[in-house]
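Residue 277 is where the first sequence ends in our numbering, and the numbering goes up by one at each step.
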Amino acid sequence: MPELPDVEAVAGLLRRRLMGRRIDRVRILDHAVVRSPSAAAFARRLRGRTVRHVSRRGKYLMLSMDGNLTVVGHLRMTGDFVVVPKIAPVHPHTRLVIGVDATDVRFIDQRRFGHLDLVATDRAAELDGVRRLGIEPLSPEFTQARLRGLLQERRGAVKALLLRQDLIAGIGNIYADEILFQARLSPDRTGASLRPAELRRLHRAIVTSLRRGIAALSGRGRTIGDLIDVRERGGVCPRCRRPLHTATIGGRTAYFCPHCQR
DNA sequence: CTTGTGCCCTGACCGC
DNA sequence: TGCGGTCAGGGCACAA
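In structure tokens:
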């Protein structure tokens, strides 16, 4: 589930519920969820801190506290944060609990790929993974010219390029398909083959798809990303009704309409 | 620079 | 019902 819009929604949830609050309990149910430092040190240093900022960078979540401490989290495939009363039943895949008064913030992750690091706030950008991230696609710096600069010399498939976090941060498999559908581009087009009008469509599709995703997820709570998805409706193109095709590109399955996307 | 592969984990689903 | 294979909205290391 978690791509840029999903992580943005989680960040908003945590911001609303944790900003200015003091963490009085930290319970780690699965030690592997904490990458650094040790689980014991993670819990000890976090307890008693007040949450000052919650932000997102690519698909990473940043919770910064007083005392120059930041939790950097990644949801990977199945991670999620939920906010529930502390008396609520504990879901079996709960990996970590951050307690604030009568409320629990719980990190739940079926596949256990997700992870958290506790680092010095002024060094958070240097963390592995975060350090390599490319441009934020919803920032003012992400212009058509920047996109052209990122893609124009590349012979890789545009879908594989969209998935590269070191180029553009935050696009995952579902949004990449959605973006290419909106831009009417075949996922196997190379970056270098894109003409100016196509780059313009792609830029527009990246921004509007991500923004729409955020708008759809940002009401209350969270939804499963079922609102925009070219794969919906039994594998049929929502535009021309012809069957969607699949192909493996960049090691991931791409869904696309060969009639509408060229 | 590029693509491909395996791996980290767990569970749902499908065909036999 | 049981079993095995396949696949999954991520990202890394490594090889060719």
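Even glycine gets a Cβ: it sits at the ideal position worked out from N, Cα and C. Every value quoted in this text rests on a predicted model; they were computed, and no experiment measured them.
Under the DSSP definition of a beta bridge, PRO258 partners with VAL251.
Three or more beta-carbon pairs separated by less than 8 angstroms are not found between the stretch 44-52 and the stretch 68-83, which leaves the two stretches without contact.
Just so you know, the alpha carbons of ASP81 and ARG37 end up roughly 10 angstroms apart. Under the three-state reduction of DSSP output, ILE43 falls in the strand class. Under DSSP, THR158 takes part in no beta bridge, so it has no partner. Counting other Cβ atoms within 10 Å of its Cβ, MET77 reaches 16 or more and is therefore classed as buried. The three-state secondary structure of THR93, taken from DSSP, is coil. Per DSSP, the continuous alpha helix (DSSP H) segment holding ASP192 begins and ends at 188-198. Rounded to whole angstroms, the separation of the alpha carbons of THR118 and ARG161 is 43 angstroms. The criterion of a C-beta distance shorter than 8 angstroms is satisfied by GLU18 and ILE186. Judged by DSSP secondary structure, ARG179 falls outside any beta strand (DSSP E); it is assigned neither H nor E. Take GLN159, set aside five residues on each side of it, and the residues of its chain with a beta-carbon closer than 7 angstroms to its own are LEU214, ARG215, HIS218, in chain order. DSSP links MET34 through a beta bridge to no other residue. In this structure, the straight-line span from the alpha carbon of ILE264 to that of THR65 is close to 44 angstroms. Judged by pairs of C-beta atoms under 8 angstroms, the stretch 88-96 touches the stretch 125-135, as three or more such pairs exist. Closest option to GLY35, judged by alpha-carbon separation, among SER53, ARG267, LYS101, GLY63: GLY63. Counting along the chain, SER208 sits inside no alpha helix (DSSP H), nor does DSSP assign it H or E at all. Scanning ALA191, ARG31, HIS260 for the CA closest to the CA of ALA220 turns up ALA191. DSSP, read as helix, strand or coil, puts ARG267 in strand.
Contact annotation: the stretch 170-178 touches the stretch 192-208, with at least three C-beta pairs closer than 8 angstroms.
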